[in-house]
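Colleague: Residue numbers (my numbering): 7 to 364. C-beta atoms are modelled at their ideal positions from N, C-alpha and C, and glycine is treated no differently. On a predicted model such as this, the values are computed, not experimentally measured, just so you know. Quick one: this structure, given as structure tokens, is what I'll be asking you about.
Here it is as structure tokens:
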């Protein structure tokens, strides 16, 4: 009986895959998984958004066809699609930070809405594309901070410019599906993932990168809102699901849809609990302080109902939140100690695909 790695490798080996946003945190991990499975990977994105960053830090730029470009540049994107003739497209390019969306809402909407339009227009015009996945966020829902997890049939209406722009991206995708992809030539879905953590995330205004920067500098960790509840998961969890959806819908048009991707309810924890887990795992006297700064609105409670993807594909998360924090700390400590970033990625990718949650 084939294991998951063999099944994915059989599908992706030799297949032409385009990843937008490949220089970002999630895009870098996804690109490396695809490379390890033998896919012919092209990435399209702006320069990495942070310095340092995982993309260059792990040497991924020398291992794939990396095209530096802006998702808002339709003509350039068309050229890349024409040159590479992808069969599978993963759309991850985005302005992903809530606080940055308040600072520059126009750029956020241009990138997250028109960027999606540009990507789908290229998919529409490129006959080679058979499967496309638009990655959005769990924040697309009209969040009333109810206790139950949001389902794919619940209303879309993000509050802040980032969340709202991703809601718009979902609507754009649904329109293109109905207007242009009814012949099943190309199957298009969306994936709404929760908050991800993992080695190599250097973004600002994210709790785990903030923790690592603080402890590395010998400082206390500042937590802005320790009582907010989020569906935290290791970055490899949603990437596995993205690849699964793209593969399944390529083979079977009935798999097209929108899918929540998040941890089990027991792993939806407060930011303070996540900081506690980090400090325990890091050791060396790591500690955090509550410094609520009265910043712009962010949801206090957010949880997903992932029944649909579990029932459709038999998927289950492989890690709990404690394991996710442990893997993140292990990777980060090793990288800061000078170990090779790509080797650290490959080791965790291999272990993840061989693992089963106990």
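1. Buried or exposed: residue 89, going by 16 or more other Cβ atoms within 10 Å of its Cβ?
2. Secondary structure at residue 266, three-state DSSP: helix, strand or coil?
3. For residue 129 and residue 65, what's the separation of their Cα atoms in angstroms?
4. Cα separation between residue 260 and residue 183?
5. Taking DSSP as the reference, what is the three-state secondary structure of residue 28?
6. Check residue 17 in the structure and name its three-state DSSP category.
7. May I ask you to list the residues that DSSP assigns as paired with residue 183?
8. Residue 162 bridges to which residues according to DSSP?
9. What separation, rounded to the nearest whole angstrom, lies between the Cα atoms of residue 68 and residue 294?
10. Who are the near neighbours of residue 126 in its chain, counting only those whose CB is closer than 6 Å to its CB and skipping five residues on each side?
11. Taking DSSP as the reference, what is the three-state secondary structure of residue 7?
12. For residue 224, which beta-bridge partners are listed by DSSP?
13. I believe residue 77 touches residue 49 by the beta-carbon criterion, under 8 Å. Please report the beta-carbon distance rounded to the nearest angstrom.
14. Within a Cβ cutoff of 7 Å, which residues of the same chain sit near residue 115, ignoring the five residues on either side of it in sequence?
15. Restricting to Cα atoms, I'd like to know which of 186, 196, 189 is closest to residue 174.
16. Tell me, please, which residues DSSP counts as bridged to residue 193.
17. What residue range does the alpha helix (DSSP H) around residue 341 cover?
18. From this set, 102, 329, 139, 342, which residue's C-alpha is nearest residue 252's C-alpha?
19. So, is the C-beta of residue 115 closer than 8 Å to a C-beta in chain B?
20. From the DSSP output, in three-state form, read off residue 296 for me.
Modeller: Result, derived from the coordinates:
1. The residue you call residue 89 lines up with position 83 of the chain shown. That one is exposed.
2. Taking the first residue of the chain shown as position 1, residue 266 is located at position 260. Looking at residue 266 - three-state DSSP - the assignment turns out to be strand.
3. Translated into positions along the chain shown, residue 129 becomes position 123. Translated into positions along the chain shown, residue 65 becomes position 59. So the alpha carbons of these two residues sit roughly 29 Å apart.
4. For the purposes of this step, residue 260 is taken as the residue at position 254 of the chain shown. For the purposes of this step, residue 183 is taken as the residue at position 177 of the chain shown. Cα to Cα, the separation comes out at about 13 Å.
5. For the purposes of this step, residue 28 is taken as residue 22 along the chain shown, with counting starting at 1. Residue state, collapsed to three classes: coil.
6. Counting from one through the chain shown, the residue named residue 17 turns up at place 11. Secondary structure of residue 17 (DSSP, three-state): helix.
7. Your numbering for residue 183 matches position 177 in the chain shown. Residue pairing of residue 183 in beta bridges, as defined by DSSP: absent, with no partner found.
8. Here residue 162 refers to the residue found at position 156 when the chain shown is read from its first residue. According to DSSP, residue pairing for residue 162 in a beta bridge involves 147.
9. By one-based count along the chain shown, residue 68 stands at place 62. By one-based count along the chain shown, residue 294 stands at place 288. Taken atom to atom, the span from the alpha-carbon of residue 68 to that of residue 294 is near 38 Å.
10. Residue numbering aside, residue 126 sits at position 120 when the chain shown is read from its first letter. These residues qualify, in order along the chain: 182.
11. Translated into the one-based positions of the chain shown, residue 7 becomes position 1. Interpretation of residue 7 is limited by its pLDDT of 42, a score under 50 that renders its predicted location unreliable; no figure is taken from the coordinates.
12. Numbered from 1 along the chain shown, position 218 holds the residue referred to as residue 224. According to DSSP, which records beta bridges pairwise, residue 224 is partnered with nothing at all.
13. The residue given as residue 77 occupies position 71 in the chain shown. The residue given as residue 49 occupies position 43 in the chain shown. At roughly 12 Å, the Cβ-Cβ gap does not stay under 8 Å, so residue 77 and residue 49 are not in contact.
14. Reading the chain shown from its first residue, position 109 is the one you call residue 115. Only 167, 171 meet the Cβ criterion.
15. Start at 1 with the first residue of the chain shown, and residue 174 comes out as number 168. Among 186, 196, 189, the Cα nearest to that of residue 174 belongs to 196.
16. What you label residue 193 is simply residue 187 of the chain shown in a count that begins at 1. In the DSSP output, where bridge partners are listed per residue, residue 193 has 137.
17. Here residue 341 is taken as the residue at index 335 of the chain shown, counted from 1. From DSSP, the alpha helix (DSSP H) with residue 341 extends over 327-342.
18. Stepping through the chain shown from its first residue, residue 252 is reached at position 246. Of the listed residues, the one whose Cα sits closest to residue 252 is 139.
19. Judged by its chain identifiers, the structure shown contains no chain B, having just a single protein chain.
20. In the chain shown, residue 296 corresponds to position 290, counting from 1. Here DSSP, grouped into helix, strand and coil, assigns residue 296 to strand.
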